[in-house]
């Protein structure tokens, strides 16, 4: 019956079997009356319908009107109710249900059919067998999926398009990185050429006409012996702030926040001599920012983080294998030269903790510092008597700790009182007979007429910024005492706690390396004279970390990290 017709009309009977039509609509009372009479007529013909198969009835309610159609449904064979042609549900009003004859419908349609018949019983719309309301049985089935070929096709197309765009994006990012690398290499070549021309000009002006030319654009060589620095590789990094070098495995670990807003901090494992050898490693979510990384023997590393964690990391499996909870955020860490089981960490509150990895419940020693300022540097050493010592630095200056239990608090090295704010400490491995402490001036009140102690300035470079600080050399005078030696000025950061290194060069000669703030690069000095030795290739941003490492077979490397790139030099 077409929707909206108020009159009653009988269908012409055919010789063959025909199909019951169930009309469910509440658009007008006249329609319902006509429907009831037609349903009664159809009920009386139930045996004739059971005599043979017929077509299929479809009743669907669209915009409040009933639409009746005979024959098979168009489109795919969906798991839907034969009455309303809407999808079944696993629960709710239209949940899938059956009646005693075995035919399956939506429960809502069966209940409405009973109401439309106006009797306690109603015939099955397909076979005519009568049923009552209490004969309706709920079927408990898994979640019913209604396929939609059009939607599935669209999803597949969108998925393929998304994968294609992701590949294009990755390819473009790699091309951008390569272009940036080429630009940096060209800038370095230009810088080297300019520096060499200046050196040649200086030699010519000094009356040395036949001065030996510098051999290679990739080397910074002092022809009066000591060391040469050969740039082996450069890596573009994003967000890295701290690093550690495993010289034996030729692997570097860097850490920083991952790309994206609100990203977690990650580790990046870099092969020194493989251009594409970068591997991102996710950290436990409560790790937070890593402040220091120390490479240990036997393929392990330890790092201290602001998440109050000291973590032991396996370089072989790329997993954290042991983690200690700290009473305060960790700022520095170190292994022990004499024991592979001892670890040290300096905390934000000035404490030093000693751990034994064989004992995982608590630290061996908890030692209070001379102040509550963060311990930003820790270096382990052995004195002349064989006792284990730890050198540390906080803003008050360098200290020495007796970790064998002789004393509970450290001692400030003599002569280091009131030098300024100590921001770095470098030690000559492994005996630490030489130390270099770096300072920046304390913040003074505007009306303070006092001037800092005059220090012989080095040649300034105009490319960066920072403050004029100083570096002080300390020599071991006795088993546990050090004496202050030479001092030189340098451009230091007015915010960061910087890193520095002492590089042994053979013949009891040493160089001191520091990320000079005015250069945005590394400057080296001879020790003990603090005579400027050479400046390594500059970065476009300040140096954040600087590490020297030597393998058991004698290979030596210097790593320089800024926010934009990582440089790896071979020290010869």
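Residue numbers (UniProt numbering): 1 to 572. Idealized CB from N, CA, C, for every residue including glycine.
Nearest-angstrom Cα separation, counted from residue j out to residue i
i	j	result
residue 337	residue 249	18 Å
residue 571	residue 365	37 Å
residue 561	residue 544	6 Å
residue 106	residue 86	9 Å
residue 344	residue 368	13 Å
residue 116	residue 125	12 Å
residue 273	residue 549	16 Å
residue 241	residue 318	19 Å
residue 120	residue 82	22 Å
residue 389	residue 503	21 Å
residue 396	residue 166	51 Å
residue 265	residue 341	27 Å
residue 519	residue 161	47 Å
residue 489	residue 173	42 Å
residue 506	residue 420	33 Å
residue 150	residue 88	19 Å
residue 335	residue 354	10 Å
residue 524	residue 422	19 Å
residue 418	residue 169	54 Å
residue 372	residue 401	16 Å
Residue from the options with nearest C-alpha to residue i
i	options	result
residue 580	413, 376, 380 and 227	Residue 580 is absent from the structure shown; the chain starts at 1 and stops at 572.
residue 553	178, 110, 246 and 183	246
residue 475	383, 126, 516 and 443	383
residue 555	374, 421, 544 and 569	569
residue 135	155, 103, 467 and 116	103
residue 499	418, 299 and 559	559
residue 235	288, 228, 179 and 486	179
residue 357	527, 323, 93 and 381	323
residue 410	419, 399, 349 and 335	399
residue 539	320, 156, 547 and 563	563
residue 352	391, 267, 491 and 510	391
residue 473	481, 435, 491 and 244	435
residue 238	182, 255, 291 and 470	255
residue 516	158, 226, 109 and 467	467
residue 522	509, 372 and 566	566
residue 253	277, 259, 263 and 287	277
residue 98	244, 118, 176 and 131	131
residue 281	320, 299 and 300	320
Reduced DSSP category for residue i - H, G, I as helix; E, B as strand; rest coil
i	result
residue 117	helix
residue 501	strand
residue 109	helix
residue 211	In this prediction, residue 211 scores a pLDDT of 34, lower than 50, which makes its location untrustworthy; no coordinate-derived value is stated.
residue 233	strand
residue 83	coil
residue 359	strand
residue 407	coil
residue 524	strand
residue 169	helix
residue 129	coil
residue 417	coil
residue 377	strand
residue 179	helix
residue 558	strand
residue 238	coil
residue 476	strand
residue 550	strand
residue 567	strand
residue 305	strand
Cβ-based burial, residue i [other Cβ within 10 Å; buried from 16]
i	result
residue 512	buried
residue 57	The predicted position of residue 57 is uncertain, since its pLDDT is 36 and thus under 50; no value can be drawn from it.
residue 186	exposed
residue 297	exposed
residue 100	exposed
residue 449	Its pLDDT being 45, under 50, residue 449 is placed unreliably in this model, and the coordinates cannot settle the point.
residue 361	exposed
residue 501	buried
residue 363	buried
residue 155	exposed
residue 597	The question about residue 597 has no answer here: the residues shown for the chain are numbered 1 through 572.
residue 158	exposed
residue 557	buried
residue 443	exposed
residue 268	buried
Discussion item. Within 8 Å, do at least three Cβ pairs link the segment 486-495 to the segment 396-411?
Written reply: As far as the Cβ criterion goes, the segment 396-411 does not touch the segment 486-495, which means the pair count is below three.
Under 8 Å, with one C-beta from each stretch per pair, do the segment 323-330 and the segment 301-310 reach the 3-pair mark? Under the three-pair Cβ rule at 8 Å, the segment 323-330 counts as touching the segment 301-310.
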